[in-house]
Amino acid sequence: MIARIESEQGDSPRTMTSPDRTSTSSSLVDLPPEILEQVYLSLNLTDRLALVRTCSTLHAVYKQSATLQYLFTLRTTAYIDVPYLLPPPSIAGPSTAESSPREEEESSDVEMSDSDSDSDRPTYLNSLPSVRRSKSVSKVPVRPVRVGPWSAADKQLSLKEREGRWETLDYAHRRDIKIAGPAGVYELQEGIFLMCDEYAEDAGGEGRRPTSVRLIPLPSADDPDLEHPPVPTKSHKLPFPISDLTMDPIQDLIVVSEHRPVNANPAAQPPTHRYHLLSLSTFQPHPLATLPVLDFPPFSGLALQTRQLLQIMGDTLLVLVSRYNVHWFVAGMAGLNVNSLGNEEEIVVWNWKTGRVLARMAPPENAWFASFALLTPTTFLLTSTSSMSGVHTTEPRSAASIFPPVIQVFSILPDPNRTIVPVQPLASHMLDDTTLRPILVAELELPAFAPDATVVSFEVRPDPPNLPRSDPAAPTLGPSKPFSQNPEKGVLVLEMSVNEPGLDDQDPPDRRVSRSYELFILREMLVEMGKEGEQRLIKARLEDQDGYVPLRPEKVVPWAEWAPTGARLMDISMRRRNWVCSCSGYRFISLTRSPSDTRPEEDEDQHGFVYAPPRQCDLRLLDFSPYGVKRSLPSSPQPEQEGKVSPSSLDPQQDDKLSPSSSQPHQDDNQLSSNSLPQQGNDDADAGGEEDNDWSIEVITARTVLPPCKIWKDEVTSGMPYRDIRRKMGIRANGVMMDDQRVIMVATQGRRNGDWTSLRQEMVVLCL
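To convert, take the position in the sequence shown, counting from 1, and add 19; that gives my numbering.
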């Protein structure tokens, strides 16, 4: 609580009876602004909101403080401050990276369209033969790239401008990039787009596998011409076929999965996959990795096909491998119920720096692939379409109406009473009694399904944001960022496909009716559930004296308790989504067909397209930021509740509306009064007149209601508010990606027949 401070400008006359009290009040207001700023900084957000309205003096202190305004902007967006750290002197410069033979022979693998003259190119880019700068299409002047520490005022200005552009998808710069080759294995992190290349026939006869990695830095609003790219555009040849990968540029780390590795001991069973911990700057073993290679446990039976998911969060590396028979996968793609036969899955968690195994588990057999998302370095979310209950008594349940899919939160919090070091290399899951198993701490139920409805797909995205660098001596890539995405805030998107009942396994696939949905959940809600579950786990371990009683710290939350205000379940926004990097922070990007494209729909199966043919498309952005929704709603004249103040009172963008005597209404998250608030605008077209940048915003607070049907047993209601932002672009595309600084519209066209390596990705990078 804060003391009430009155000044000469107060609305009510003073009734002070004590001279000391009057003296104390006056002396506090008369303190230097620097001291009053420290008073603000010592208060929580609610008390700052109250203090800023006390008098004009305190209001002016806040308005003139870049630090206070910057901290408020961080609190109301999905960002955290990143203190400036000098780059480590030992890190290898990008100019030392080696090109693959193909890169030296073909300088057009990656090219920027409409190249400028060589004299206009920075010296750094002249050393990259495969990159040519594009012709600038900018709406704002290109400013010099800032190198070094940022002041609070500079950080506030940069973040405010970026958030302002996202409000209407009004980009600052546009750059076009053409990239040759298919995007079978790709990644997008920290402004670096990664694509694998140089496909070679697999020794096991399983098709062509890539053997090289290309790193492609992307332009941004701060560096649209790549004067200071974090990495050069280079192709790195690897001595093994690549199965999958993930990367964390903040830690200068890339984890590459080797396909079908060979065991050095011919008598031992080879691992399913081998993970190479490499430096992004050199593609040599990472200097902080004690074990540069980590082996995933071997197959339990015959060699099967695999699918894997990899994520990094700080020191934690989590890998989920699904081993499946081909007939199981084909049946699942056709929507046939195969009763979970032919698929086994396993999760292994490492500390990638020490090489120590933190946990492992084998989830029950699922009707479709499981999917996960790291919430914190010690908790993760897991989707389950299992026909076996992971919480209740083990009993087969063949239909979603009997045991519906669930969202589970697990913890790998170390057990202080367990000092056994896991044995490596890992043996079969059933033979391993030295490795800790993840503990289920929370389970979110989905709505009840209709009898015989079948869930055939349940995926979660995106990967967590990379944690900021905390060790000045640790390797990293690129210049230090002034701020970064908050790993505990944002929205998670779960994509779910459900087959209607009434069709048995003998029905042909074209007779099966399937519906797809997108479920949006706030990351902070899941993070909090994980933290609360870990507190229950710690308490249960303290109460477990003999170690023989199973720990049961999980909390089961029915759909009706968490979804009406904490989730939004809707029909899918895009019928086909070829690129999965569609979510960043609170935002989720999609393509919509432009009204200017009047061509009839093409039958993709008839023409043999790998991707849907590119069409003229516009952009649609769903923004689930709680503060963004509140700020977009109209103010109502209701009186402010005692002890509650609207966060908009401290919004730097609302300073012109703020006065000490004014009172801003408070609206609770669950009491948003407006169903929708449409806004429209028309920005001036860019200099070339190539794009019509009309935009619209609609605030959706009315609940989404899915009626009872062949899929749902009862009416399904969800109501997490969001903003629907649309902008006319008219750009040819069939896919879209995004991160916190850019939207990438991709046009790819290919066919099933012919050489897939001849495909070409045409990317329009919109820097926001």
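Where a beta carbon is used, it is the ideal one built from N, C-alpha and C, also for glycine.
Can you pull the DSSP bridge partners for residue i?
i	result
Cys600	In the DSSP output, where bridge partners are listed per residue, Cys600 has none listed.
Arg227	Glu220
Asn370	Thr335, Arg375
Asn362	Tyr343
Arg194	Val784
Glu384	Beta-bridge pairing links Glu384 to no other residue.
Pro236	Ile211
Cys636	Arg612, Ile750
Glu464	Val425
Asp434	None, per the DSSP bridge assignment.
Thr325	Arg342
Val798	What is shown of the chain runs 20 to 787, which leaves residue 798 out entirely.
Lys732	Bridge partners of Lys732: none, in fact.
Val546	Per DSSP, none; premise fails for Val546.
If you draw a straight line from the C-alpha of residue i to the C-alpha of residue j, how long is it?
i	j	result
Val735	Ile540	15 Å
Pro572	Ile426	16 Å
Leu787	Val510	20 Å
Glu384	Cys602	28 Å
Val357	Pro484	Its pLDDT being 48, under 50, Val357 is placed unreliably by the model, and the measurement read from it follows with that caveat. If you take the alpha carbons of Val357 and Pro484, they lie about 36 Å apart.
Val166	Leu245	13 Å
Asp452	Arg379	11 Å
Arg779	Thr325	27 Å
Ser359	Glu209	Model confidence at Ser359 stands at a pLDDT of 47, short of 50, so the residue's coordinates are unreliable and nothing is read from them.
Gln768	Lys197	13 Å
Gln88	Leu47	22 Å
Val784	Arg480	22 Å
Pro248	Leu178	20 Å
Thr438	Val368	17 Å
Asp189	Thr309	46 Å
Gln554	Val546	13 Å
Ser61	Leu70	12 Å
Ala472	Thr252	48 Å
Asp637	Thr95	28 Å
Pro491	Pro102	11 Å
Cys215	Pro229	6 Å
Asp263	Phe643	31 Å
Pro423	Trp387	13 Å
Lys17	Met548	Not covered by the structure: residue 17. The range shown for the chain is 20 to 787.
Glu277	Gly754	28 Å
Pro168	Ala631	45 Å
Quick one, which of the options has its alpha-carbon nearest residue i's?
i	options	result
Gly570	Ala579, Val367, Trp581, Ile557	The sequence shown places Leu at residue 570, rather than the Gly named in the question. When each option's Cα is compared against that of Leu570, the closest is Ile557.
Pro396	Pro491, Ser430, Leu329	Ser430
Val512	Gly585, Leu459, Leu93, Glu553	Gly585
Ser341	Ser533, Leu307, Arg227, His292	His292
His255	Pro236, Ile261, Phe302	Phe302
Ile235	Pro243, Leu329, Ser644, Ile211	Ile211
Ala721	Leu394, Ser737, Asp267	Ser737
Val156	His192, Gly183, Gln175	His192
Thr335	Leu445, Thr265, Asp241	Thr265
Pro163	Gly183, Phe315, Ser239, Pro424	Ser239
Glu507	Pro306, Val161, Pro229, Met332	Met332
Arg745	Ser75, Trp185, Glu56, Thr73	Trp185
Leu561	Asp434, Ala219, Ile716	Asp434
Gln288	Pro316, Pro424, Trp169	Pro316
Met593	Arg375, Met544, Thr617, Ser535	Ser535
Ile591	Trp578, Glu537, Arg606	Glu537
Ser300	Val250, Leu394, Asp482	Val250
Tyr98	Arg606, Gln504, Glu220	Gln504
Could you round the C-beta distance between residue i and residue j to whole angstroms and report it? I think they count as a contact, below 8 Å.
i	j	result
Thr495	Pro106	7 Å
Val232	Leu213	6 Å
Pro633	Arg751	4 Å
Leu725	Leu588	7 Å
Ala389	Leu400	Not really, about 11 Å apart at Cβ, beyond 8 Å.
Met782	Cys600	12 Å between Cβ atoms; not a contact.
Asp733	Pro740	With 8 Å as the limit, Asp733 and Pro740 do not qualify as a contact, their Cβ atoms being about 23 Å apart.
Gln270	Ala493	7 Å
Leu297	His305	6 Å
Phe477	Met515	5 Å
Phe502	Asp100	6 Å
Thr65	Ala171	With 8 Å as the limit, Thr65 and Ala171 do not qualify as a contact, their Cβ atoms being about 22 Å apart.
If we require 3 or more residues per run, which beta strand (DSSP E) segments fall completely within the region 483–537? 502–504, 510–518
Segments of 4+ residues assigned as alpha helix (DSSP H) that fall wholly inside the region 76–100: 85–94
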